[in-house]
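A short write-up of the structure that comes next.
Number of protein chains: 2
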Amino acid sequence: MGVVVPFEEKEDSAGISRLSGLVQQGMEDVNRIILSKAGSDVEMIPEVANHLISSGGKRLRPMLTIATAQMFGYEGAGHTQLAACVEFMHTATLLHDDVVDESDMRRGKLAARKVWGNQASVLVGDFLLGQAFRMMVEVGSMDALAVLSDAAAVIAEGEVMQLGAAKNTETTEDDYLAVIRAKTAALFSAAAEVGPIIAEASAAQRAACRSYGVNLGLAFQLVDDALDYGGSAEALGKRTGDDFREGKITLPVVLSYRRGSDEDRAFWKRCLEEGQIEDGDLEKAIEMMRHQGAIADTVERARHYGAVARDALAPLPVGEHKQALLEVVNFCIERVH
Amino acid sequence: MGVVVPFEEKEDSAGISRLSGLVQQGMEDVNRIILSKAGSDVEMIPEVANHLISSGGKRLRPMLTIATAQMFGYEGAGHTQLAACVEFMHTATLLHDDVVDESDMRRGKLAARKVWGNQASVLVGDFLLGQAFRMMVEVGSMDALAVLSDAAAVIAEGEVMQLGAAKNTETTEDDYLAVIRAKTAALFSAAAEVGPIIAEASAAQRAACRSYGVNLGLAFQLVDDALDYGGSAEALGKRTGDDFREGKITLPVVLSYRRGSDEDRAFWKRCLEEGQIEDGDLEKAIEMMRHQGAIADTVERARHYGAVARDALAPLPVGEHKQALLEVVNFCIERVH
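As you go down the protein sequences, you meet chains D and Z in turn.
Quick note, the first sequence lines up with residues -18 to 318 if you use our numbering.
Quick note, the second sequence lines up with residues -18 to 318 if you use our numbering.
Here it is as structure tokens:
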């Protein structure tokens, strides 16, 4: 254990800037690794990969890996390589997701599949996943490999679960949570756990970071789903209402369907199960959800997981890194405003 | 090194039965592992996976892993787990391939994507790949992980290369070879190399098995491509002419295009580049190729790689396993008849 420095924990800041500052050096290395490892003699691979990689995602997941490794005094280079693996796994998932969801936009740009086709998106996703595993092997930590390969399988399981629940208004809040726990929270969790692993932190510290990651991931996804019924296109990088148009059953819908009248439920069935969406339906859906408190309560659920994420960090040493991770929780939730 | 038993090497047998017999016990374990690891609480996963897994592929790749591990006296259980990983990687590739190629049939059954859709095929492929890495981690050999993760990235690279070359009649024999070296031979090579790795064979023995695998894989793919212009649907598990209808540039086409008249080349451009295929065109293509010797010479090229594969085995101990591996080369090539 390091020296415990007295440090006042202010949680009122909602920014990501403290975290960004702490990991800046490491993230520069991560970006270099990403660019170099997305390279290939096969031209189309860096083209497709860089389209998405350079499209300005926040890189929150690899930042978690860098921060949690630094937090335990790690001084090697393995954390930047593992962080790049995490980002590759995320990018591969996005490429495949856009094919599965038939999405047109991603991060405010045309989705790769709209530029290079579904085929290239599937195959370049596969390449990035293969590269990620290659890079993990280079780092040589079997524990990190176990955590990340586990995440890879669980993420895909979550995506299949979501496909099975698609357009089904009978989906319960628990079903929905199982989906986002697998498809989103698993990678946040792995990203936050490989940091302490590479830094050889204790089992308790690993568990604390893992718990922080999974709950932050749940909060993040819940807010994302709320934003789809209320955020602006810029904040979201896709258009408001994409989930609605794709017939995706997210928590705002689950709550609205349960709280609504028979007439409201008929509306949801028509729009999401039958895909019969008319002009003005999205506005009607948002109005209905606002009235029922479905969006506000989705954010409330996110606050719950945010609180769990913050408490998970309690056993960890007080300091800049802990403070930054606490602020990220607020950042993820408060971006609704 | 084991005792070298005098053993006459007969290469005239073209069967796979010696290999099947030697690995039978191990393959029963592999099948059990495959069934159990393709399981998931998410119903659709085992449904899609088992559709393909139970459709009677020859399981040649995992058999190579079992045989090459046994050959060096391996007595643990890691080889069966690695063999199952190899089969999962192969199955994941097939699921994604069928989406990319828009194929309707696979191994004489409807392709999974025709039953459950492209979305499920992409995601279940991702799951199987994730599972494969999880299973490799369980085995705990970092060398095996390196070989298999390398193969995963190279296979995807090969598939993207093939996509880039699709419908391009200017593809050279070298371009084509680079594609099949990556998309097919890399997994044969990895399958044959993880056997000696888990058995802790020498570096020279590893290299011999790797070389055998890569050259066997090249021969296998060349024959597969020849069969598409001349085999029966049963032998192929897909219809003759699938490559033709999909505009795939394989070696028989590369040779025919080069050897043909201007008129012949115009025919290939119309059929493969423009996709304008009329009744009788496949028959015309086959007739042209026969006349030019394009199919026979594709098989000749396969024999070349088969010879390299056989010579690669020369430094390995004489015995049943070596004999079986030699016979597999003939089996792969002679299935054209």
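Ideal placement from N, C-alpha and C gives every residue a C-beta, glycine not left out.
query: What is the DSSP secondary structure of residue 294 (chain Z), reduced to helix, strand or coil?
result: coil
- prompt: Using a C-beta cutoff of 8 Å, does residue -18 (chain Z) count as contacting chain D?
  reply: Caution is warranted here: a pLDDT of 35 is assigned to residue -18 (chain Z), below 50, making its placement in the model unreliable, and no coordinate value can be reported.
field: Where residue 239 (chain D) sits in the DSSP three-state scheme
entry: helix
Test item: CB-CB of residue 11 (chain D) and residue 65 (chain D) under 8 Å: yes
- request: Count the other C-beta atoms from every protein chain shown that fall within 10 angstroms of the C-beta of residue 96 (chain D), then say buried if there are 16 or more, exposed otherwise.
  value: exposed
- prompt: So is residue 26 (chain D) in contact with chain Z if we call contact Cβ pairs under 8 Å?
  reply: yes
query: Going along chain Z, which residues have a C-beta under 9 Å from residue 62 (chain D)?
result: Ordered by position in chain Z, no residue passes the 9 Å Cβ test against residue 62 (chain D), which lies about 13 Å from the chain.
task: At 8 Å on the CB atoms, spell out the chain D contacts of residue 94 (chain Z), in chain order.
output: Residues of chain D passing the Cβ test: none, with the nearest at roughly 11 Å.
task: Find out if the Cβ-Cβ distance for the pair residue 48 (chain Z), residue 0 (chain Z) is shorter than 8 Å.
output: yes
query: Is residue 273 (chain D) near residue 242 (chain D), with beta carbons less than 8 Å apart?
result: no
message: Rounding to the nearest angstrom, what Cα-Cα distance links residue 328 (chain Z) and residue 248 (chain Z) in this structure?
response: Nothing about residue 328 (chain Z) can be reported from this structure: the residues present for chain Z run from -18 to 318 only.
- prompt: If you count every other CB in all the chains shown that lies within 10 Å of the CB of residue 155 (chain Z), and 16 or more means buried, which is it?
  reply: exposed
query: What does residue 169 (chain D) reach in chain Z if we use C-beta pairs closer than 9 Å?
result: Under the 9 Å cutoff, chain Z gives no residues; its nearest Cβ is about 17 Å from residue 169 (chain D).
Where residue 87 (chain Z) falls: helix, strand or coil (DSSP): strand
Min CB distance residue 138 (chain D) to chain Z below 8 Å: yes
DSSP three-state assignment for residue 164 (chain D), whether helix, strand or coil: helix
query: Does the beta carbon of residue 77 (chain D) sit closer than 8 Å to a beta carbon anywhere in chain Z?
result: yes
field: Closer than 7 Å: residue 48 (chain D) CB and nearest the ligand COA heavy atom
entry: The ligand COA is not part of the structure shown, which contains no ligands of any sort.
message: Just to check my reading of the structure: residue 90 (chain Z) and residue 36 (chain Z) have Cβ atoms closer than 8 Å, yes? What is that Cβ distance to the nearest angstrom?
response: 5 Å
- request: Counting only the same chain and skipping the five closest in sequence on each side, list residues whose C-beta sits under 7 Å from that of residue 62 (chain D).
  value: 14, 116, 119, 120
field: 7 Å CB neighbourhood of residue 275 (chain D) in its chain, flanking five on each side removed
entry: 233, 236, 237, 240
Buried versus exposed, by CB contacts within 10 Å (16 or more), residue 24 (chain Z): exposed
- prompt: Which residue from Z:292, Z:150, Z:107 puts its Cα closest to that of residue 78 (chain Z)?
  reply: Z:107
- prompt: What are the start and end residues of the alpha helix (DSSP H) that includes residue 312 (chain Z)?
  reply: 301 to 315
- request: Residues of the segment 107 to 125 of chain Z with a CB closer than 7 Å to any CB of chain D: list them in chain order, please.
  value: 107, 108, 110, 111, 112, 114, 115, 118, 121, 123
task: Going by CA-CA distance only, name the one from D:195, D:146, D:145 that's closest to residue 165 (chain D).
output: D:195
- prompt: Taking DSSP as the reference, what is the three-state secondary structure of residue 1 (chain Z)?
  reply: helix
message: Which residues of the segment 176 to 205 of chain D have a Cβ closer than 7 Å to any Cβ of chain Z? Give them in chain order.
response: none
message: I need the DSSP call for residue 210 (chain Z), collapsed to helix, strand or coil.
response: coil
task: Compute the distance between the beta-carbons of residue 171 (chain D) and residue 67 (chain D), then report whether it is under 8 Å.
output: yes
field: Under the three-state DSSP convention, the category residue 178 (chain D) falls into
entry: helix
message: Can you tell me where the alpha helix (DSSP H) holding residue 102 (chain Z) begins and where it ends?
response: 93 to 120
Assigned secondary structure, residue 47 (chain Z) (DSSP; H/G/I helix, E/B strand, else coil): helix
message: Within 8 Å of any Cβ in chain Z, is that where the Cβ of residue 155 (chain D) sits?
response: no
- request: Go through the segment 239 to 287 of chain D residue by residue and report every complete run of the alpha helix (DSSP H) that reaches 4 residues or more, in order.
  value: 243 to 249, 262 to 273
query: Are the C-beta atoms of residue 52 (chain Z) and some chain D residue less than 8 Å apart?
result: no
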